[in-house]
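Worksheet: the structure to be examined is printed underneath.
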Amino acid sequence: MIADHYLGHLLDRVPETRPFLEEEDGPIEALPASDTDLNLYAILLDGLVRPVLQPALAAPERDEDLLRRCFGFVEEVYEVDTEFTRGAVYFQVLESLLDAREYLVNAVPFLRGNLREPVSKMLRNYEVEGYEDGLPPL
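Position in the sequence shown (first residue = 1) + 835 = our numbering.
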């Protein structure tokens with residue numbers, strides 16, 4: 836996935852983000868087709884994490900499909916395997932799970948694949964109560 840496709844891929848995977856992304860930049864009629872100044876950090880935080888992911892994690896009745904799609908998108912971005920994309924995912928998405936205990940607890944079942952190790956390491960490094968040994972086995 837190249838930088839120009841993050842926005843389009845997010846809108847395809849998690850269309851619930853569209854109103855929040857359009858709130859920032861106006862209506863999204865055409866997606867970028869070439870080199871742009873897309874800010875992945877802002878897209879993740881202001882388009883996905885704050886308006887969609889965190890409320891979904893805090894909801895009394897969790898929408899498992901939405902959470903699967905959100906974390907599926909995040910995992911795909913993380914798998915791009917560049918310092919920039921991994922940093923964006925780590926600082927904007929994974930660390931945001933520590934903003935409230937319920938975010939982390941409710942996210943654990945959806946943390947799969949390549950996301951598990953960085954989250955486990957983060958929990959151990961920050962000595963998060965109840966997760967001193969990292970994530971529990973699946």
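The beta-carbon is built from N, C-alpha and C at its ideal position, and this holds for glycine as well.
How would you write the range of the alpha helix (DSSP H) that residue i sits in, first residue to last?
i      : result
Glu952 : Arg951 to Asn960
Arg885 : That residue, Arg885, is in no alpha helix (DSSP H); it is neither H nor E in DSSP.
Asp847 : Tyr841 to Arg848
Ala942 : Arg936 to Ala942
Gly922 : Glu918 to Ala923
Tyr981 : Any question about residue 981 goes unanswered here, given that the chain covers just 836 to 973.
Quick one, which of the options has its alpha-carbon nearest residue i's?
i      : options                           : result
His840 : Lys956, Thr920, Leu973 and Pro972 : Thr920
Val915 : Leu875, Glu962, Val849 and Val954 : Leu875
Leu902 : Glu964, Glu851, Leu973 and Ala877 : Glu851
Gly907 : Ala894, Val963, Gly922 and Ala942 : Ala942
Arg959 : Leu933, Leu879 and Val912         : Leu933
Ile803 : Leu846, Arg904 and Asp900         : There is no way to answer for residue 803, as the model of the chain reaches only from 836 to 973.
Asp825 : Phe945, Glu858, Pro886 and Gly965 : Summary: the structure shown does not reach residue 825, with the chain confined to residues 836 through 973, and so no result is reported for it.
Asp844 : Cys905, Tyr961, Asp898 and Glu964 : It should be noted that the sequence gives His, not Asp, for residue 844. Ranking Cys905, Tyr961, Asp898 and Glu964 by Cα distance to His844 puts Cys905 first.
Pro890 : Gly922, Leu842 and Ala935         : Ala935
What distance in whole Å lies between the Cβ atoms of residue j and residue i, which are believed to be in contact at a cut-off of 8 Å?
i      : j      : result
Val924 : Leu883 : That belief does not hold up - the Cβ atoms of Val924 and Leu883 are roughly 10 Å apart, past 8 Å.
Pro953 : Leu973 : Between Leu973 and Pro953 the Cβ distance is about 16 Å, and since that is not below 8 Å, they are no contact.
Mind checking whether residue i and residue j have CB atoms under 9 Å apart?
i      : j      : result
Leu970 : Glu937 : no
Leu950 : Glu896 : no
Ser955 : Leu888 : no
Leu880 : Gln927 : yes
Tyr966 : Leu939 : yes
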